[in-house]
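Residue numbers (our numbering), protein chains in the order written: chain A, 1 to 209; chain B, 210 to 406.
To keep things clear, I will list the structure first and then write my remarks on it.
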Amino acid sequence: MASSLTWTLPGTWPLRTVTQPMRPVEPELADLDERALVEACLRGQSAAFDVIVERHRRSVYLLCYRFVSNHEDASDLSQDVFLRAYRGLRSFRGQSSLATWLYRIGVNVCLNRVSAKKPLSESIADRQFVDETAESAPDRLLKDERGARVRAAIAQLPRKQRATLVLRMYHEMSHQEIADVLGSSVGAVKANFFHALSNLKKMLGGEVL
Amino acid sequence: MHLRPDELIDLAEGTRAESSATHLAACAVCRLHLAELKAMMSAAADVDVPEPSPLFWDHFSARVRQAVEAEGAPRRSFWTWPRVVIPAISVATVVLAVAVTLNWGRTERGIAPLPSIAPVPVALPVASVDLLADPQSAGDTALTLVAELSSDMDFETAREAGLAARGSAEHAVTHLTGSELRELQRLLQEELARSGA
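What follows is the structure in structure tokens.
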């Protein structure tokens with residue numbers, strides 16, 4: 001198993017190679033379920049937390065991105081989510097899944113951030129990360145523009161409506177799970193979802209339909 | 210009466226069949242609402258998030274690891290403290306009660322109360338001798354005080370006084386080893402410092 005990660009720094013001559021040591025994940029840790037991983041972390045096995053990060057980093061990042069719409073902030077927020085999770089690991093009681101617990105932390109972190117800071121518009125560099133598919137360039141461009149408009153409209157929704165819409169539409173959480181994350185009732189979640197979609201309609205009009 | 214928001218959401222998500230909502234067939238307003246909800250859900254679902262490069266994930270994991278390593282071990286939850294604090298306070302109360310009782314007894318017999326500081330090298334009975342002979346205990350005034358207070362009292366005396374019935378906390382305290390006493394002292398000091406005493 002490779003024990004290091006190597007890449008080349010662009011724009012330097014002669015080419016400089018950076019080697020960053022990577023801690024190999026112990027096979028037995030990779031096989032553990034969530035509860036066992038948490039217990040291993042609490043026993044001081046920090047490599048167990050690496051496994052948790054590896055399993056959930058993408059979904060946490062995507063959640064954060066849905067709130068802030070830019071890569072830099074989403075990256076910082078995701079790191080913050082994991083750090084807070086680590087600090088509060090002892091309070092994880094396994095009543096919900098680790099993913100739901102992380103989402104709860106993520107929603108709180110993101111809502112705190114977005115209320116303190118206006119969401120930034122997406123940079124061109126962010127869009128360059130998009131995995132190009134077989135779509136034609138004009139189709140891709142049209143889809144990107146439409147997506148950017150919808151994202152901007154979502155960013156303007158009230159906090160609970162935004163959180164509800166993000167968790168329901170993009171993380172496929174049930175109304176009950178969203179209610180658990182947001183500390184509200186299923187009825188309130190459905191009402192928030194309804195109002196979020198209605199407000200999107202008002203903001204976007206017929207332009208994306 | 211029009212359909213409620215939660216009913217419209219159930220219909221839009223398909224968790225409830227439209228045929229079951231008889232009002233819908235007769236109400237153009239609700240049908241329009243439902244169509245708009247479905248259209249917005251479709252538009253929102255079609256929005257991608259730019260996927261970071263694979264290199265980003267390795268870098269991200271390394272950043273989290275550094276932050277976590279700087280953080281140290283996961284913190285003890287607030288709710289786990291009572292498991293430590295309550296026994297510590299109980300034991301502290303017992304120790305103080307024993308100390309006050311013994312000191313009071315000395316005063317009653319015309320013996321001056323023991324000085325609270327300045328460890329005095331005295332010949333002590335079995336349990337305490339080891340404690341004070343321990344280099345780590347030298348100069349530890351609090352530990353010396355506890356040892357001295359219990360120096361002229363054996364277990365039988367304490368038990369006859371009703372202080373240390375076998376199986377009681379008092380019994381446990383009077384049988385603590387040197388290292389256990391030091392740990393008790395550390396816990397008490399931590400608790401006193403936290404409570405601002």
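The C-beta atom is built at its ideal place from N, Cα and C for all residues, glycine as well.
- As the crow flies, the alpha-carbon of B/Ile298 is around 10 Å from that of B/Leu401.
- Contact annotation for B/Leu401 against chain A: no contact, minimum CB-CB distance about 24 Å [criterion: below 7 Å].
- When B/Asp219, B/His211, B/Leu246 and B/Ser251 are compared, the shortest CA-CA separation from B/Ala237 is found for B/His211.
- Assignment of A/Arg55 by DSSP, reduced to helix, strand and coil, places it in the helix class.
- Take the alpha-carbon of A/Lys143 and the one of B/Val256: they are about 8 Å apart.
- Within chain A, not a single residue places a beta-carbon under 9 Å from that of B/Met210; the smallest gap is close to 16 Å.
- Buried is the label assigned to A/Asp73, since at least 16 other Cβ atoms lie within 10 Å of its Cβ.
- Shown here, A/Pro158 sits in coil according to DSSP, grouped into three states, outside any helix or strand.
- The Cβ atoms of A/Val186 and A/Leu167 lie no closer than 8 Å to each other.
- At a cut-off of 8 Å between beta-carbon atoms, B/Val256 makes contact with chain A.
- When C-beta distances to chain B are compared with 8 Å, the residues of the stretch 33-66 of chain A below that value are Cys41, Leu42, Gly44, Ser46, Phe49, Asp50, Val53, Glu54, Arg57, Arg58, Tyr61, Leu62, Tyr65 and Arg66, in chain order.
- Per DSSP, reduced to three states, the secondary structure at B/Met210 is coil, with no helix or strand assignment.
- Taking C-beta separations shorter than 7 Å and ignoring five residues to either side along the sequence, the partners of B/His232 in its chain run Leu212 and Cys239, following chain order.
- Going by DSSP, A/Asn192 is part of the alpha helix (DSSP H) stretching over Val186 to Leu204.
- At a beta-carbon threshold of 7 Å, none of the residues of chain B lie near A/Gln95; the nearest stands roughly 14 Å away.
- Rounded to the nearest whole angstrom, the CA to CA distance from B/Ser270 to B/Ala276 is 10 Å.
- Listed in chain order, the non-local C-beta contacts of A/Val189 below 6 Å within the same chain comprise Thr164, His175, Ile178 and Ala179, local neighbours out to five positions each way being set aside.
- In the structure shown, B/Ala226 adopts coil according to DSSP, grouped into three states.
- Within chain B, not a single residue places a beta-carbon under 8 Å from that of A/Tyr103; the smallest gap is close to 15 Å.
- The beta-carbon of A/Gln79 is placed less than 8 Å from the nearest beta-carbon of chain B.
- Around the beta carbon of A/Lys202, a 10 Å sphere encloses fewer than 16 other beta carbons of the protein chains shown; the residue is thus reported as exposed.
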